[in-house]
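Listed in order, the protein sequences are those of chains A and B.
Read in order, the letters of the first sequence are residues 80 to 158 in my numbering.
Read in order, the letters of the second sequence are residues 80 to 158 in my numbering.
Virtual Cβ for every residue (Gly too), placed ideally from N, Cα, C.
Predicted model only: the values in this text are computed from it and were never measured.
As structure tokens, the structure follows; a few thoughts come after it.
There are 2 protein chains.
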Amino acid sequence: MKARVAISYREGVLDPEAVAIERSLRGLGFDTVTGVRRTKLLELDLAETDRAAAEARVREMCDKLLANPVIESYRVEIS
Amino acid sequence: MKARVAISYREGVLDPEAVAIERSLRGLGFDTVTGVRRTKLLELDLAETDRAAAEARVREMCDKLLANPVIESYRVEIS
């Protein structure tokens with residue numbers, strides 16, 4: 080099975096890379112940019128064959144390694 | 080308007096962060112993971128009101144700053 084995990088900063092948490100991108104774009108003359116948000120998308124190949132088991136496993140991966148729950152939230156999709 | 084830009088490594092280019100994630104997951108006992116791919120997703124808020132103009136502008140941003148054409152490819156969606 081495949082899992083897609085989207086990890087993004089929680090509302091209100093400053094993402095320094097997004098700020099740097101926005102600033103650099105304006106510096107290059109792209110002054111119509113009024114906001115930048117960044118999400119990390121991970122696509123995992125899994126040996127699991129059961130959808131619910133795969134989702135539970137991926138949520139465990141997020142909690143243990145992939146996301147920092149203090150500042151990030153994540154969404155999991157299994158296909 | 081909003082633009083979504085998905086930037087990923089070209090086929091055949093090694094992504095060191097994806098390799099590190101896969102290795103760490105296995106190290107934590109998640110041994111059903113057989114592959115990891117990573118995509119950077121940027122959501123841009125734009126002052127443009129014309130769809131085609133916005134897309135052209137975002138492609139220019141990708142070529143000039145957001146993506147490294149040697150190793151990365153990108154997709155742009157305007158909404």
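*Using the rule of at least 16 other Cβ atoms within 10 Å of the residue's Cβ for burial, across every protein chain shown, is A/Leu107 buried or exposed?*
exposed
_Let's test the definition: count the other Cβ atoms within 10 Å of the Cβ of B/Gly155 and tell me whether it reaches 16, buried, or not, exposed._
In the sequence on display, residue 155 of chain B carries Val and not Gly. The residue in question, B/Val155, is buried, as its Cβ has 16 or more Cβ neighbours within 10 Å.
*Can you tell me the Cα-Cα spacing of B/Ala131 and B/Gly91, whole angstroms?*
32 angstroms
_If I follow the unbroken beta strand (DSSP E) through B/Arg154, where does it start and stop?_
Glu151 to Ile157
_Please report whether the beta-carbon of B/Asp124 lies at a distance below 8 angstroms from any beta-carbon of chain A._
yes
*So is A/Arg102 in contact with chain B if we call contact Cβ pairs under 8 angstroms?*
no
*In or out: A/Thr118 buried (at least 16 other Cβ within 10 Å) or exposed?*
buried
_My assumption, with CB atoms under 8 angstroms, is that A/Ala97 sits in contact with A/Arg116. Please give the rounded CB distance._
6 angstroms
*Is B/Ala85 closer than 8 angstroms to B/Leu123 when the C-beta atoms are compared?*
no
_Bridge-paired residues (DSSP) for A/Lys119_ = A/Ile86 and B/Lys119
_alpha helix (DSSP H) segments (min. 4 residues) lying fully within the stretch 96-141 of chain A_ = 130-140
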